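Input: a single structure, listed below in structure tokens.
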Amino acid sequence: MSVINSVSSLTPFFLNLQTVKYVKVACFALLIYDTIIALDQEYQHIWKKHWNLVKILYLYSRYCTFIDTGIAIYGKIS
């Protein structure tokens, strides 16, 4: 009887893990959507300008999230 109680108490834990996976994938989809809708403005204001520290920091902060989120999703799925 003790084993059944311990397994049933873990069920919400495993459901929460699955929910976290879904939320990470949803956040990645929103990140892609945001990038796509802002791409024309980013091209005009960032990519056409000369390289400087601000541009490097912007691109790092903008696209590093793709790498980070992609690794997090890949690590959870596989």
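In UniProt numbering, the protein residues as written are 1 to 78. We put the beta carbon where it would ideally sit given N, CA and C, even for glycine. Note that this is a predicted model, so its numbers are computed, not measured.
Practice prompt. Would you check if the distance between the CB atom of residue 24 and the CB atom of residue 67 is smaller than 8 Å?
Written response: Taking the sequence shown and counting its residues from 1, the one referred to as residue 24 is at position 24. Taking the sequence shown and counting its residues from 1, the one referred to as residue 67 is at position 67. Not closer than 8 Å, so no.
Worksheet entry | Contacts around residue 58, its chain only, beta-carbon distance under 7 Å, and the 5 residues preceding and following it disregarded | By one-based count along the sequence shown, residue 58 stands at place 58. Closer than 7 Å at Cβ, skipping near neighbours: 46.
Worksheet item: Roughly how many angstroms lie between the CA atoms of residue 39 and residue 62, to the nearest whole one?
Response: On the sequence shown, position 39 is the one that residue 39 refers to. On the sequence shown, position 62 is the one that residue 62 refers to. Approximately 11 Å, taken between the alpha carbons.
Worksheet entry | 8 Å Cβ shell around residue 69 - same chain, five flanking residues per side excluded | Stepping through the sequence shown from its first residue, residue 69 is reached at position 69. Result list for residue 69: 24, 27, 28 and 31, in chain order.
Worksheet item: Near residue 55, which residues of its chain fall below 8 Å by C-beta distance, leaving aside the five closest residues on each side in sequence?
Response: Sequence index remark: in the sequence shown, residue 55 carries index 55 (1-based). Cβ neighbours of residue 55 beyond the five flanking positions: 46 and 49.
Worksheet item: For residue 50, does the three-state DSSP call read helix, strand or coil?
Response: To locate residue 50, count along the sequence shown from 1; it is residue 50. Residue 50 falls in the coil class under three-state DSSP.
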